[in-house]
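Enquirer:
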Amino acid sequence: MSYTWSSAAEDLARRAIARYPEPRSALMPLLYIAMQEDRNRGKAHLTDDGMRKVAEMVGITPAQAAAAASFYTMYKLQPVGRYLISVCTSLSCWLAGADDVLHALEEEAGAPSGHTDEEGLITPEHVECIGACGGAPAVQVNYEFVEGVDPDRVREMVRWLRSERPECVSGDRLQARFGGCVSFPWAIPDPTGAVGPVPAFSPLGTESTSPNGAAAAEAADLPAPSPTAGNGDIPMILTARMNEHPDTSHTLARYEATGGYTALRKVLGSPGMAPGEITEEIKAAMLRGRGGAGFPAGVKWSFLAPARPSYLVVNADESEPGTFKDRQLMERDPHQMIEGVIISSYANEVHNAFIYVRGEYPKAARRVQAAVEEAYEAGYLGRGILGSGYDLELVVHLGAGAYICGEETALLASLEGRRGEPRLKPPYFPAAKGLYMMPTIVNNVETLANVPWIVRNGAAAYAAIGPSGSPGRRMCSVSGHVNRPGNYEIVEGLTWRDLIFDLAGGIRDGNRLKAWVPGGASSPWFVPEIHLDTEVTKEAIDGHGSMTGSGAVIVMDETTDMAAAAERLVRFFAHESCGQCTPCREGTTWLDMILRRIMEGHGRPVDADLLLDVSDNISPGLRWPPAMTTICALGPSAVSPVVSLLRYFRGEVDDHVRAANQVPVVIGGPR
Amino acid sequence: MSAADRSMVSLTIDGEAVEAPAGDLLIKAAEDNGAYIPRFCWHPRMNPVGMCRMCLVEIETPRGKAIIPSCMQPVNDGMVVHTESAAAKKAQEGVLEFLLLNHPLDCPVCDKGGECPLQDQTMSYGPGESRFVEEKRHFAKPIPISDLVLLDRERCILCARCTRFSDEISGDPLIEFHHRGGDTQVLTFPDEPFTSYFSGNTVQICPVGALTAVPYRFRARPWDLQVAESTGVVHTEGSRLAVHASQNQVLRFLGVDNGATNQGWLSDKERFGFEFIGSPDRLRTPLIREGSGFREAGWGEALDLAGERLRAVIAEQGGGAVAALGGARGTNEDAYALSKFMRTAADSNNLDAQLGDGLEARFLAGLAGRGRIDDLESARTILLWGPDLKETHPILYLRVRRAAQERGASLVIFHPRRTGLDDRAAHKFTYLPGTGPEVLARFAAGEGEFRAAREAMDEGPLAALVGRPGLAEAPRLAESVAAFARRRGGSILPLVHRGNTFGALDMGAAPDLLPGRVTTATDGSAPDLVAAWGDLPVAPGLDALGIAEAAAAGEIGFLILCGSDPVRDMAGFDGGAALSGAGFVLAIDLFLTDSSRRADVVLPALGFAEKKGTVTNLEGRVQMVNRLVPGPGQARADWSVLDDLSARLGRPIGLASEEDITAEIARVAPAYAGVTWDYLEWEAREGAVVPLEGAVQPLRYEPQHADLNGESVGRESGNFSLHLARTMYDDGVMVRHSPSLSRLAPDAAAYMTPAYAASIGLAEGDEVEVPLVAGAVTLPVRFDPTLHEGAVYVPFNQPGMDIRFGVDGPSGGVS
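Heads up: the protein sequence lines correspond to chains A and B, in order.
The first sequence runs 99 to 769 under our numbering.
The second sequence runs 13 to 827 under our numbering.
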């Protein structure tokens, strides 16, 4: 056994294990630590020795560790250079020219996607949506964002990395030099960055500070932050603080100075509120989940089974293509969410809560981690919170690249140190059999960020905002071919015309609007001829056979090849399918193969009907909300763009087929 | 909870009103009521996961019809189910089409072809043709994932039966899904092969040809196989299995689901041990010693010679100079013949089915409070003080694992080192071999570290599995543990080696036992036996160690070995010395073993699958073994050999056929009354636990606490405590002649903790001389940090450990 870790790594690993109720839950942080250790030992990837060591530490077999490690894209089992440059090629970035960016990168780096240049310095890769859709096309260098790039600037960046060879990759620095339009104003300088192709996060020991304060200096060059806009006259709820105090909204001092933690004091102080009272309040506010399903949060809490311990897990694994709102809420106002977590944990008699932040959001994780540490320091977390008898431990858990972990049961499996495979509901409803098979509440970041406001101002005040079925303000991420992409904090009730043409500034270059995705990549498309003047309300959107989803709106103009757009979305789902159930594993892959074949000029007249029938075998009846032959909704989500394509743009598919060369079908291609 | 204990619900399946026990899964309820729903991932002995989606059916709900997987849905009262509606059929067809997209359809060269669920269900439920024109997935095929199992990932449909089995059932999660989505594949970790003792089960439950077994690969097509159900005799649990043969060659065993015992699973040793049956090394003719070797002989000549010598010994020295070892590897009928032969023809009580490595015969045969394996299902507390079940009792290992993991039983283990069940134990105590009696006393008193575990003992129902943790430990300790458990109303499962030990003892293959759980002091408790057998020998008999000692001292004139190999298999005495001292040795065996090689006459015997009869497991469960192939050459059944030999003595034991012997047993052996072939074949589907209702068992042995402090060997400075224990694979006759298994033995070594090794100046890889009864053996030192400090673990009977060995106590010195 010559394979050993540095004492620093051993220490980090032991502390990670101690943070969780069960050691296996520390698998994901330990795999990152192993990868970093392996890099320090000159290995450019996560080694078998590393996985074996992690397995031993958390008490599983190496096969189990490798089963999990190979599930997530961010554990690199193949060698990766010092700078991993990830180009998002999902729909929003693709609409903005991501493929050209990728080609330019591959050319400049001298290595195709997934491979490393001869020097071992740069590895280009294409990735699925990284949550920077408002700043498309976007890339990450060692998971630090650079938004609004173009092919030339990416080439320039590669040359700069080659000559400069920065020890620490700072997102602020790269953005200032090579970036352009951003998803939302970054506003707050970030002096830290990554020291290798592992997300920079202090509990992993992977965070570093940019030397010479250069980052801070350069961050000052960032454009002046503009406030997050919304419709209507009602004051902002979620973005008010960051709008008013753009560069300090993330600090505890600012949070407290602007009414922060008063809701928690109200709950835990005298006379205080009983857990059940809070649940009733949230129910009465009719706060709907903001993660995608839109289920009323208070009702969800009331389903919590009586067994204890119970757990609360924040779903911060935002990864529905087109969505980047939770990223903003976490980066710029983490305490708002944390206060919501504490109140919600108290309401559900939870003493161990977790924030599962997607791996591609290290900056958000850093901000949340710093805020959690501040909150512990100030007595808002830990033992005897605010002098009450209530204890809560809160752990920030970093994901590792798997969209499916945004599905709540998959997220829980992942948090247990397993592959992120969804569990069938019933019987595995989290409220009954959740984390470690105990009752668990899983709520989205934005959902919980609303909780302090509701507790402070009362359910009635919240319920009075906007339509009665889905009141309050909600975040809406707009991307694609609009003039002003970004996050908007809206009150439902405006029309799509208002949202796309007023708030988002209309279609770029004065082009004609062709279609849009109304609620994240999974949602059936809307088209102007039918939907432009319908209302943006849950009721209306549901009524037109789509969904509010994660609030992500992706707008496509007349230049868009809709078959190609659909293929982008299907490709995403095929890439993200966990693979455990047959119709999704095989079906999404097959749908994508057919669409690619059509795009490559080998379409057949039977293919459109074949697409529909294969779709029907995944989602019988092709309706929305979907029926499904699958375990979770990922399969039907992949079907959704196919059905939308053939419903509204079948002619474009036929055009591709007619234009196809009439050579017999060429089978296959690299998988 | 059995189905009968549960309330029934009414539901409608395909228009038929049916009833099913509440809690049953729909897929099972439908099958029980005649509506078979296709499936791949669901297996009745594993937790459902609803992954393959093959079992989709349509149910009517208040919100309309819904497609659901029937393997995840418990039946509800009033449920309306359609398994063959248009929607259900389309969903099923769709799933099959998806599964076939990437399936290579190499059925003509696939072992599974002809018995393949994917093939069958495609015929029944699948679409007629494929609409997939793209390239299929390609993988290197097949890849070995262990010495026994090959994996073909192209054929795999990712049902996860194998990965779930190894995780949930056998507790060795060494194969797992790797990667994800369309790239998902089953894999092992590099350099960590699928070395499970249960790997063959994954081959059997694989619904396609993705997992194939090395010993069977390309050997036969299913439709050419003849099949007979039988009962395994490798282990004492009495696993039900099916013997498959073609052209008189046994080609494989498959597990059969007997709910009371193995529940469909087999150990790899049981499953792949079929290989020895067809070994070219099997004895084919009688052999007569000639100088240092043998010459082949006819049966007449060999039996004449043996009969003549035996007659002379009896005449000159009396029956007390005749002894027999063995009987625990054959059928009850063979053991009965041996017992009857010894008592009536040889006038001797000197016989033993054990080889000094087991427990008191009366304890094993007459045990009051003997439990059933199924007691583990309802046990709240399980006490395990005996060998590592994973090594010696694989089916009990699975059943205890299940009890602790799925049924919530609290498991308490005492053993000198780690065991396969430690990960499921609520309390595990690692103790120094030889200190068992003191540990038991402190445990019984609930002292210190034992308090919580001791309190658990009062949480009934209690099931206790008792045996010798190591061969160097006092056998009476197990009885003391049993006595402790009995006082708490516990049911006892006794743990000994050799598959039909219990049957052999029940047939009287022990010095103080007669057939039917009767002691030699019959006291009129077995009148039919006395009537049938006539005068019985008066002199008390010797057990295996007594026989060996007497033989070594030249007091045994005629020694019969019935499939026993004391040279390699005896603990506590040098079997070689015994054979050298015996006047004449007659071996009835399958092979020339290290023991039969030293005999004067060797007679070729029939083995498993070559003879019919009954065997008895550790619960006292009697089941049939069956004949499917003829034996090699002139091999004959033990009973018929003994019958012939008895005739040559002029004292015929009068046995005519296997079925007649079973009938005779049922007539004369009290505890076996009523156990006939007809009964076993037609009425006792899960076997018959004797005594049957109405039969009597004269011997009721209440385990006693023994004061063993005198036998407990203290540890002196510089000495160590020996832990000599059996492993699944060793250099036993069967493993040695099963090529697939023989290379799996762990090899000879002396294991100790690094600290202990350091304290006596040894490093890993050094050689150490370990003194055993027959002499010292030199072994390489290996580290085992799970051992109790100061103990040295030596796996029993390993290849390369050529010295004869045995052991008389748990301590020795290191030189």
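Backbone N, C-alpha and C define an ideal beta-carbon position, used for all residues, glycine too.
Quantities reported herein were computed from a predicted structural model and do not represent experimental measurements.
Below 7 Å between beta carbons is the criterion; list the residues of the segment 175 to 194 of chain B that meet it against any residue of chain A, in chain order.
Expert: Of all residues in the segment 175 to 194 of chain B, P185, L186, I187, E188, F189, H190, H191, R192, G193 and G194 have a Cβ within less than 7 Å of some Cβ in chain A.
Enquirer: Using the beta-carbon of each residue, which ones in chain A are nearer than 7 Å to B/L113?
Expert: Ordered by position in chain A, the residues that pass the 7 Å Cβ test against B/L113 are E684 and W688.
Enquirer: Can you name the start and end residues of the alpha helix (DSSP H) that A/P373 belongs to?
Expert: Residues P373 to A383.
Enquirer: When you compare the CB positions of B/R419 and B/E372, do they come within less than 8 Å of one another, or not?
Expert: In this structure, B/E372 does not lie closer than 8 Å to B/R419 by Cβ.
Enquirer: Any C-beta of chain B sitting closer than 8 Å to the C-beta of A/S713?
Expert: Not one chain B Cβ lies under 8 Å of A/S713.
Enquirer: Consult DSSP for A/W688 and reduce its assignment to one of helix, strand or coil.
Expert: DSSP places A/W688 in helix when its eight states are reduced to three.
Enquirer: With 8 Å set as the bound, which would you pick, yes or no: does the beta-carbon of A/G396 sit closer than that to a beta-carbon of chain B?
Expert: So no, A/G396 is outside the interface.
Enquirer: Determine whether the beta carbon atoms of B/F52 and B/P234 lie at a separation below 8 Å.
Expert: No, Cβ-Cβ distance for B/F52 and B/P234 is not below 8 Å.
Enquirer: Should B/A103 be flagged as near chain A, meaning a C-beta pair shorter than 8 Å?
Expert: With 8 Å as the cut-off, B/A103 counts as an interface residue toward chain A.
Enquirer: Report the residue from B/P807, B/E320 and B/G305 whose alpha carbon sits nearest the alpha carbon of B/R10.
Expert: Since the first and last residues shown for chain B are 13 and 827, residue 10 of chain B lies out of range.
Enquirer: Identify the continuous alpha helix (DSSP H) that holds B/R463 and give its terminal residues.
Expert: Residues R463 to A468.
Enquirer: Over the uninterrupted beta strand (DSSP E) stretch that includes B/I504, give me the two end residues.
Expert: Taken as a continuous stretch (DSSP letters only), the beta strand (DSSP E) holding B/I504 covers S503 to L507.
Enquirer: Compare the C-beta of B/V107 with all C-beta atoms of chain A and state if any pair is closer than 8 Å.
Expert: Interface residue, yes.
Enquirer: Can you check whether the C-beta of A/G330 is within less than 8 Å of a C-beta belonging to chain B?
Expert: Chain B contact via Cβ: absent.
Enquirer: Assuming B/V493 and B/L452 make a contact with CB atoms under 8 Å, what is their CB distance in whole Å?
Expert: That belief holds up - the Cβ atoms of B/V493 and B/L452 are roughly 6 Å apart, short of 8 Å.
Enquirer: Which chain B residues are close to A/P369, counting only those with a beta carbon under 9 Å from its beta carbon?
Expert: By Cβ distance, chain B contributes nothing, its closest Cβ being about 42 Å from A/P369, past 9 Å.
Enquirer: Under 7 Å Cβ to Cβ from A/I406, same chain only, skipping five residues before and after it: list those, please.
Expert: Residue identity differs from the one stated: residue 406 of chain A is Arg in this sequence, not Ile. Within the same chain, A/R406 has close Cβ partners E447.
Enquirer: For A/C574, write down the residues that DSSP places opposite it in a beta bridge.
Expert: Answer by DSSP bridge pairing, in chain order: A/Y586.
Enquirer: Mind checking if A/Q426 is an interface residue toward chain E, Cβ cutoff 8 Å exclusive?
Expert: Checking the listed chains, one finds no chain E in this structure; the protein chains it contains are A and B.
Enquirer: First and last residue of the beta strand (DSSP E) that includes B/V793?
Expert: Unbroken beta strand (DSSP E) run through B/V793: G787 to F795.
Enquirer: Quick one: what's got a C-beta closer than 7 Å to A/G148's C-beta in the same chain, skipping five residues either side?
Expert: Excluding residues within five positions, the ones whose Cβ falls inside 7 Å are A132, M133, E135 and D136.
Enquirer: Output the distance between the C-alpha atoms of B/G726 and A/V411, rounded to the nearest integer angstrom.
Expert: Caution is warranted here: a pLDDT of 37 is assigned to B/G726, below 50, making its placement in the model unreliable, and no coordinate value can be reported.
Enquirer: Could you please give me the residues that DSSP links to B/M58 through a beta bridge?
Expert: Note: B/M58 sits in no beta bridge, so no partner.
Enquirer: Quick check: what's the CA-CA separation for B/C83 versus A/E665?
Expert: Cα-Cα distance, rounded: 34 Å.
Enquirer: Near A/S104, what residues of its chain come up, given a Cβ to Cβ distance below 6 Å and the 5 sequence neighbours on each side ignored?
Expert: Result list for A/S104: empty, nothing under 6 Å.
Enquirer: If the cut-off is 9 Å on Cβ atoms, which residues from the segment 124 to 150 of chain B count as contacting chain A, listed in chain order?
Expert: Correct list: R143, F144, V145, E146, E147, K148, R149 and H150.
Enquirer: Is there a Cβ from chain B that is less than 8 Å from the Cβ of A/S168?
Expert: Taking Cβ atoms only, chain B reaches closer than 8 Å to A/S168, which makes this a yes.
Enquirer: Are A/D690 and A/R669 close, meaning C-beta to C-beta below 8 Å?
Expert: Yes.
Enquirer: Just curious, the alpha helix (DSSP H) that B/P578 is in, first and last residue?
Expert: P578 to D581 is the span of the alpha helix (DSSP H), which, as asked, contains B/P578.
Enquirer: Would you say B/I155 lies against chain A (beta-carbon separation less than 8 Å)?
Expert: So no, B/I155 is outside the interface.
Enquirer: For B/F441, list the residues DSSP reports as bridge partners.
Expert: The partner list for B/F441 (beta bridge, DSSP) reads B/F426.
Enquirer: In whole angstroms, what is the alpha-carbon distance linking A/D659 and A/S621?
Expert: Near 18 Å, if we compare the C-alpha coordinates of A/S621 and A/D659.
Enquirer: On the three-pair Cβ rule with 8 Å, is the segment 174 to 193 of chain A touching the segment 228 to 235 of chain A?
Expert: Verdict: yes, contact present.
Enquirer: What is the residue span of the alpha helix (DSSP H) that A/T360 lies within?
Expert: Note, A/T360: alpha helix (DSSP H), T360 to L366.
Enquirer: With respect to the beta strand (DSSP E) encompassing A/S408, which residues constitute its N-terminal and C-terminal limits?
Expert: Run containing A/S408: S408 to A414, per the beta strand (DSSP E) assignment.
Enquirer: So the alpha helix (DSSP H) A/C191 belongs to, where does it begin and stop?
Expert: Element bounds for A/C191: L189 to L193.
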